[in-house]
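The structure appears right after this line, and notes come after that.
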Amino acid sequence: MTQNFKLNIADIIFSFTAEQGVSLIKDIAPYNLFLVEGRPEVTLRYKYGSYWRTDMNSSKEIIFDSHPTWRLSYFNKKYILETRTHTLVVSPDFTSGDVYLDKKLGNYPFVYPLDEVLMINLLGKGRGVFVHACGVNNNGSEGLLFAGTSRAGKSTIAHLWKCSGVSADKSPQSKVKDTTILSDDRIIIRKTDGQFWIYGTPWHGDAKACSPEKFPLKKIFFLEHASENYVRDVKRVEAVSKFLVRSFPPFWDSEGMEFTLKFIEEITREVPCYDLGFLPDKSAINFIKDI
Numbered sequence: 076m077t078q079n080f081k082l083n084i085a086d087i088i089f090s091f092t093a094e095q096g097v098s099l100i101k102d103i104a105p106y107n108l109f110l111v112e113g114r115p116e117v118t119l120r121y122k123y124g125s126y127w128r129t130d131m132n133s134s135k136e137i138i139f140d141s142h143p144t145w146r147l148s149y150f151n152k153k154y155i156l157e158t159r160t161h162t163l164v165v166s167p168d169f170t171s172g173d174v175y176l177d178k179k180l181g182n183y184p185f186v187y188p189l190d191e192v193l194m195i196n197l198l199g200k201g202r203g204v205f206v207h208a209c210g211v212n213n214n215g216s217e218g219l220l221f222a223g224t225s226r227a228g229k230s231t232i233a234h235l236w237k238c239s240g241v242s243a244d245k246s247p248q249s250k251v252k253d254t255t256i257l258s259d260d261r262i263i264i265r266k267t268d269g270q271f272w273i274y275g276t277p278w279h280g281d282a283k284a285c286s287p288e289k290f291p292l293k294k295i296f297f298l299e300h301a302s303e304n305y306v307r308d309v310k311r312v313e314a315v316s317k318f319l320v321r322s323f324p325p326f327w328d329s330e331g332m333e334f335t336l337k338f339i340e341e342i343t344r345e346v347p348c349y350d351l352g353f354l355p356d357k358s359a360i361n362f363i364k365d366i
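Taking this note's numbering, the leading residue of the sequence shown gets 76, the next gets one more, and so forth.
Have a look at this one:
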């Protein structure tokens with residue numbers, strides 16, 4: 076248990092501070108891979124109790140309702156993100172907020188859907204895009220993005236890379252050939268100094284692969300199960316559509332959607348995009364490396 080700590084996810088430092096009487100669970104995998112020091116961009120303060128009063132219900136504006144998992148509302152110049160275990164009351168730019176915990180439901184500070192919904196909103200404010208994808212660093216310098224909807228093969232690709240002797244975390248014994256699996260399910264893309272970067276996240280899939288590292292994005296593959304290994308160039312208009320379907324944009328935020336669409340258009344204009352069909356065996360990895 077601890078009173079405060081910081082995480083760095085996609086070069087966004089989050090500060091978690093507990094009020095007196097609250098003890099947050101800090102060393103929980105895989106979040107412990109993302110622990111850092113430094114100046115936070117996002118500050119979250121944790122307390123026990125409930126934010127809502129009965130008289131507030133008629134005044135709040137419901138922005139998006141993903142029943143029964145989470146709901147986003149607007150009240151008194153702040154956004155309110157309600158989940159089953161947490162209520163986040165946050166500033167309009169999503170960088171400063173109070174998190175109300177149910178004491179009976181544990182002290183985990185950053186759990187689904189609070190973590191991912193907060194990140195989607197932050198990225199939509201001009202920072203980047205959240206993608207349903209597996210990210211791999213090939214040969215130490217080439218960031219490869221394998222985007223796919225559920226069951227498209229993201230975790231399968233990660234398993235194949237792991238079996239070929241690459242790393243799924245930062246532990247020295249698994250660091251092989253300067254190649255890392257950033258995540259097998261959730262990747263963040265940002266642009267810095269004219270270069271697109273793919274970032275690992277703590278949010279993994281069945282392969283349980285994640286890393287806090289980042290690498291320059293060089294190729295994008297839209298995954299397809301197939302009876303043979305093949306690759307096809309994807310034209311930009313089609314690539315934008317495919318990318319959007321495989322991303323997590325802030326549908327409830329018109330300005331955020333406008334930014335996300337422009338950002339995706341820019342990515343697909345500058346980074347080669349392909350349809351990738353692959354066999355679920357090691358031949359797929361050798362095939363990809365030759366593209």
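Beta carbons: idealized from backbone N, C-alpha and C, even for Gly.
Per DSSP, cross-strand counterpart(s) of residue i
i, result
"C348", "I295"
"W272", "R265, P291"
"A208", "A222"
"I87", "I84"
"F150", "K153"
"T343", "DSSP, once it has assigned bridges, lists no residue as partnering T343."
"Y187", "BP columns for Y187 are empty, so no partner."
"E136", "Y149"
"V164", "I155, D173"
"H300", "F353"
"S141", "W145"
Where residue i sits in the DSSP three-state scheme
i, result
"W278", "coil"
"R226", "coil"
"N361", "helix"
"Y106", "helix"
"E213", "Before going further, note that residue 213 is Asn rather than Glu in the sequence given. Residue state, collapsed to three classes: strand."
"D328", "coil"
"V174", "strand"
"W127", "coil"
"P247", "Caution applies to P247, whose pLDDT of 35 falls short of 50 and renders its modelled position unreliable; the value that the coordinates give is listed next. P247 falls in the helix class under three-state DSSP."
"L99", "strand"
"S239", "coil"
"T231", "helix"
"V309", "coil"
"N196", "helix"
"F318", "helix"
"L119", "strand"
"T92", "strand"
Burial state of residue i, where buried means 16 or more other Cβ atoms lie within 10 Å
i, result
"I273", "buried"
"D328", "buried"
"S258", "buried"
"E330", "exposed"
"D356", "exposed"
"V211", "buried"
"I87", "buried"
"R226", "exposed"
"I232", "buried"
"E157", "buried"
"T335", "buried"
"S148", "buried"
"I264", "buried"
"V251", "Its pLDDT being 46, under 50, V251 is placed unreliably by the model, and nothing is read from it."
Close beta carbons around residue i, own chain, < 7 Å, minus the five adjacent residues each side
i, result
"I195", "F205, F323, P325"
"G172", "L119, L163, V164, V165, S166"
"D308", "Y349"
"Q270", "P291"
"A359", "L235, N304, F353"
Residues near residue i by beta carbon distance below 8 Å, same chain, minus five either side
i, result
"A301", "G352, F353, L354"
"P143", "R159"
"M332", "G199, P324, P325, F326"
"Y126", "I155, T162, V164, D173, Y175"
Cutoff 6 Å; reference residue i; Cβ partners in own chain excluding five residues on either side
i, result
"V315", "I339, E340, T343"
"F362", "N304"
"F297", "A222, K317, D350"
"A282", "S230, A233, H234, D259"
Contact belief for residue i with residue j at Cβ below 8 Å, rounded distance in angstroms
i, j, result
"F91", "Y121", "7 Å"
"V111", "N83", "4 Å"
"P347", "K294", "5 Å"
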